[in-house]
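Novice:
Residue numbers (full-length UniProt numbering), protein chains in the order written: chain V, 1 to 99; chain U, 1 to 496.
#1: Buried or exposed: residue 99 of chain V, going by 16 or more other Cβ atoms within 10 Å of its Cβ?
#2: Give the single residue among U:42, U:88, U:394 and U:107 whose Cα lies nearest to the Cα of residue 101 of chain U.
#3: Please state the DSSP three-state secondary structure of residue 188 of chain U.
#4: Which value, in whole angstroms, describes the spacing of the CA atoms of residue 445 of chain U and residue 477 of chain U?
#5: Tell me which residues of the stretch 63 to 91 of chain V have at least one Cβ-Cβ distance to chain U shorter than 8 Å, keeping chain order.
#6: Which same chain residues, not among the five before or five after residue 220 of chain U, have their C-beta less than 7 Å away from its C-beta?
#7: State yes or no: is the C-beta of residue 4 of chain U within less than 7 Å of the C-beta of residue 165 of chain U?
#8: Output needed for residue 462 of chain U: all residues of its chain with C-beta closer than 6 Å, excluding positions within five of it in sequence on either side, in chain order.
#9: Compute the Euclidean distance between the alpha carbons of residue 300 of chain U and residue 269 of chain U, then round it to the nearest angstrom.
#10: Using DSSP with H/G/I as helix, E/B as strand and the rest coil, what is residue 274 of chain U?
#11: Give the range of the alpha helix (DSSP H) segment to which residue 504 of chain U is assigned.
#12: To which residues of the same chain is residue 385 of chain U closer than 7 Å at the C-beta, ignoring the five residues directly before and after it?
#13: So, is residue 181 of chain U buried or exposed, given that buried needs 16 or more other C-beta atoms within 10 angstroms?
#14: Quick check on this structure: which residue in U:215, U:218, U:262 and U:211 has the alpha carbon closest to the alpha carbon of residue 527 of chain U?
#15: Could you tell me which chain U residues have their CB closer than 7 Å to the CB of residue 43 of chain V, listed as they occur along the chain?
#16: In the stretch 18 to 36 of chain V, which residues sit with their C-beta less than 9 Å from some C-beta in chain U, listed in chain order?
#17: Kindly indicate which residue of U:216, U:410 and U:54 has the alpha-carbon position closest to the one of residue 274 of chain U.
#18: Listing by chain order, which chain V residues have their CB less than 8 Å from the CB of residue 464 of chain U?
#19: Is residue 16 of chain U helix, strand or coil when you go by DSSP?
#20: Check the DSSP bridge columns for residue 458 of chain U and list the partner residues they point to.
#21: Look at the Cβ atom of residue 29 of chain U, then the Cβ atom of residue 169 of chain U, and state whether they are nearer than 7 Å.
#22: Is it buried or exposed, residue 70 of chain V, if we count other Cβ atoms within 10 angstroms and call 16 or more buried?
#23: Counting only Cβ pairs nearer than 7 Å, list the residues of chain V close to residue 238 of chain U.
#24: Quick check on the DSSP output: what are the complete beta strand (DSSP E) runs of length 3 or more inside the stretch 289 to 373 of chain U, in order along the chain?
#25: Please check the pair residue 38 of chain U and residue 141 of chain U, which I expect to be a contact at CB under 8 Å, by giving their CB distance rounded to whole angstroms.
#26: Residues of chain V with CB under 7 Å from residue 548 of chain U, in chain order?
#27: How close, in whole Å, do the beta carbons of residue 321 of chain U and residue 208 of chain U come, if the pair is a contact with beta carbons under 8 Å?
#28: With residue 20 of chain V and residue 13 of chain V assumed to form a contact (beta carbons below 8 Å), what rounded beta-carbon distance in angstroms separates them?
#29: Hey, how far is the Cα of residue 34 of chain V from the Cα of residue 420 of chain U?
#30: Are there 16 or more other CB atoms within 10 angstroms of the CB of residue 129 of chain U, so buried, or fewer, so exposed?
#31: If you compare alpha carbons, which of U:150, U:107, U:104 and U:311 is closest to residue 125 of chain U?
#32: Within the 7 Å Cβ cut-off, does residue 6 of chain V reach chain U?
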């Protein structure tokens, strides 16, 4: 039985915002099936009552005083933008219907 | 000996004493780059003019009598995953082609403050995902020992640059072995510091709970000097450790293992390991005993599950981190013809801008984090992570350091594993546990494999903030082998 189907990969591609073509979907479906099958081995470890680690070090939140500090200028922040208008990032339409 | 073949410590001394100038040192390395990098392809970007200007500034400060650090005027190759405001930063990806960051990474800033001369930016697997540099959108780098083979990865441009004398030092980042494995397969030294010991600010994120900047060098002392130069607490990185940098330089000078307890990890060896790698490793164990160390076998039963746990945790973090490449604020934008929605443009851009390995990992991470699978995959992997840390804790009650081969095989041919992700992932088998537990680990050369004449690395693992132990043992091994071989291993590499 395969661990992951082509339809699931197509769904993952949509969730991941990756516009994959049919050939890519076939290719990745076979590879992801193999990888998921291999990493599923973690289930063999008896870890029922073991606490999960999200992080290697026992760190807690780090805070600093809420003070205004120097930061990027608008010019610097926009310097790598694909499109700019009136000192702002210009983006494609974000609503489902024409404005 | 030409300037390009000297150690970083020696170059720093020569510049400080004005026996040579930083400009001469930089020019010698720029000439070397011009001579050999067409074969090695270590660099994505070289900036001769800026390098010479930085070198001139160091010379002027020394002429004025300023006291600078031990690496002032020493050239360095900088992995192209650290932001640099005066040079492009691509992370090996088409999605960032030509991008010029608006600020310097903390590591970059500290290199500049220490007077290091940045020659350029080095090649890497796209977003540091890979073990060969073959995932770079700009083509692979080549191993200076055999140009048909990989220099390791993801920091393969940095390892290749140092191993081919294009720079005495380079930076890398290690998420699953991306410093230690390339160091091992190119016959140089590479160190993954304790997680949080070096700043991630301005490091383009792959897996934030694992990513660790570290040094490459041709000898242990040089690596320690570089680690010391860019390490230490950084208020811009909330996971940075607020503690003094371990005494790494002192430890590298100490170079002695008498009385140390050294553990051989029982789980690393046997099937899947190249015989020549195991032969050199066992020889090194004998060497350490002859130097007065007490060597015992130690079992770390969960280490066998580190690789699958890593390939759930790292892709999960990557799928989240790489969501920032959305075609809106910087980088590539594809298909914005006025009719498509932001979401369509995003999906087209990411499909065009990311290579296959990055796409695989984003989808794998999305899968591991999705509802219904989260507990079985990501949640279970996080529990395994806890058990791996406990294995280390138990082991470090018995011994001062653990050792293993750095990687199961020597450098593999370019193309051999390029479209076989599981085979590629095995390169990180021995290095991953230290990323999951966050402890320090180094790779130092321990000889050439009989069957192919290629370098083998010894991995030395120490507890969290025990970085100095890696350097102490690494330097002792290096000293003993240099005596035995009549010089560094790298002197046996063929001329380019």
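Backbone N, C-alpha and C fix where the C-beta goes; we use that ideal spot for every residue, glycine too.
Specialist: Taking the geometry as given:
#1: Here residue 99 of chain V refers to the residue found at position 99 when the first chain is read from its first residue. Its pLDDT being 44, under 50, residue 99 of chain V is placed unreliably by the model, and the measurement read from it follows with that caveat. Counting Cβ neighbours within 10 Å, residue 99 of chain V comes out exposed, since fewer than 16 surround it.
#2: As a first step, residue 101 of chain U is located in the second chain; it is residue number 101 there, counting from the start. Cα-wise, what sits closest to residue 101 of chain U is U:88.
#3: Residue numbering aside, residue 188 of chain U sits at position 188 when the second chain is read from its first letter. If DSSP states are grouped into helix, strand and coil, residue 188 of chain U belongs with coil.
#4: Taking the first residue of the second chain as position 1, residue 445 of chain U is located at position 445. Taking the first residue of the second chain as position 1, residue 477 of chain U is located at position 477. A straight line joining the alpha-carbon of residue 445 of chain U with that of residue 477 of chain U spans about 9 Å.
#5: Using a CB distance below 8 Å, the part of the stretch 63 to 91 of chain V facing chain U consists of 64, 72, 76, 77, 79, 80, 81, 82, 83, 89 and 91, ordered along the chain.
#6: The residue you call residue 220 of chain U lines up with position 220 of the second chain. Beyond the five residues adjoining it in sequence on each side, residue 220 of chain U comes within less than 7 Å, by CB distance, of 189, 252, 444, 471, 474, 475 and 478 in the same chain, given in chain order.
#7: In the second chain, the residue the question calls residue 4 of chain U occupies position 4. In the second chain, the residue the question calls residue 165 of chain U occupies position 165. Cβ distance < 7 Å, so residue 4 of chain U and residue 165 of chain U count as in contact.
#8: Within the second chain, the letter at position 462 stands for residue 462 of chain U. Closer than 6 Å at Cβ, skipping near neighbours: 401, 440, 469 and 470.
#9: Taking the first residue of the second chain as 1, we reach residue 300 of chain U at position 300. Taking the first residue of the second chain as 1, we reach residue 269 of chain U at position 269. Answer to the nearest angstrom: the Cα atoms are 13 Å apart.
#10: Counting from 1 along the second chain, the entry for residue 274 of chain U is found at position 274. Secondary structure of residue 274 of chain U (DSSP, three-state): coil.
#11: Residue coverage of chain U in this structure runs from 1 to 496, which leaves residue 504 of chain U outside it and unanswerable.
#12: As a position in the second chain, residue 385 of chain U is number 385, starting the count at 1. The residues are 309, 313 and 436.
#13: Here the question's residue 181 of chain U lines up with position 181 in the second chain. Burial call: buried.
#14: Residue 527 of chain U lies beyond the stretch modelled for chain U, which goes from 1 to 496, so this question has no answer here.
#15: Here residue 43 of chain V refers to the residue found at position 43 of the first chain. Within 7 Å Cβ-Cβ: 376 and 380.
#16: For the stretch 18 to 36 of chain V, the set of residues with a beta-carbon nearer than 9 Å to any beta-carbon of chain U comprises 18, 19, 20, 21, 24, 27, 28, 31, 32, 34, 35 and 36, in chain order.
#17: Position 274 of the second chain, counted from the first residue, corresponds to residue 274 of chain U. The option with the nearest alpha carbon to residue 274 of chain U is U:410.
#18: The residue you call residue 464 of chain U lines up with position 464 of the second chain. Residues of chain V with a Cβ closer than 8 Å to the Cβ of residue 464 of chain U are, in chain order, 56 and 57.
#19: As a working note, residue 16 of chain U is residue 16 in the second chain. Residue 16 of chain U falls in the helix class under three-state DSSP.
#20: Along the second chain, one-based indexing puts residue 458 of chain U at 458. U:405 and U:444.
#21: Taking the first residue of the second chain as position 1, residue 29 of chain U is located at position 29. Taking the first residue of the second chain as position 1, residue 169 of chain U is located at position 169. It is not a contact, given that the beta carbons lie outside the stated cut-off.
#22: In the first chain, residue 70 of chain V corresponds to position 70, counting from 1. That one is exposed.
#23: Reading the second chain from its first residue, position 238 is the one you call residue 238 of chain U. Chain V residues near residue 238 of chain U: 62.
#24: Counting only runs of 3 or more, we get 294 to 298.
#25: For the purposes of this step, residue 38 of chain U is taken as residue 38 along the second chain, with counting starting at 1. For the purposes of this step, residue 141 of chain U is taken as residue 141 along the second chain, with counting starting at 1. For residue 38 of chain U against residue 141 of chain U, the beta-carbon gap comes to about 12 Å, at or over 8 Å, which does not count as contact.
#26: Residue numbering for chain U in the displayed model covers 1 to 496; residue 548 of chain U lies beyond these limits and cannot be assessed.
#27: Position 321 of the second chain, counted from the first residue, corresponds to residue 321 of chain U. Position 208 of the second chain, counted from the first residue, corresponds to residue 208 of chain U. Confirmed, about 6 Å.
#28: One-based indexing of the first chain puts residue 20 of chain V at position 20. One-based indexing of the first chain puts residue 13 of chain V at position 13. Contact annotation, residue 20 of chain V with residue 13 of chain V: C-beta distance approximately 5 Å; criterion of less than 8 Å satisfied.
#29: Here residue 34 of chain V is taken as the residue at index 34 of the first chain, counted from 1. Here residue 420 of chain U is taken as the residue at index 420 of the second chain, counted from 1. The straight-line gap from Cα to Cα measures roughly 10 Å.
#30: Walking along the second chain from the start, residue 129 of chain U turns up at place 129. It is buried - the Cβ of residue 129 of chain U has at least 16 other Cβ atoms within 10 Å.
#31: In the second chain, counting from the first residue as 1, residue 125 of chain U sits at position 125. Checked all of U:150, U:107, U:104 and U:311; the closest Cα to residue 125 of chain U is U:150.
#32: The count along the first chain starts at 1 and reaches residue 6 of chain V at position 6. No, no contact with chain U.
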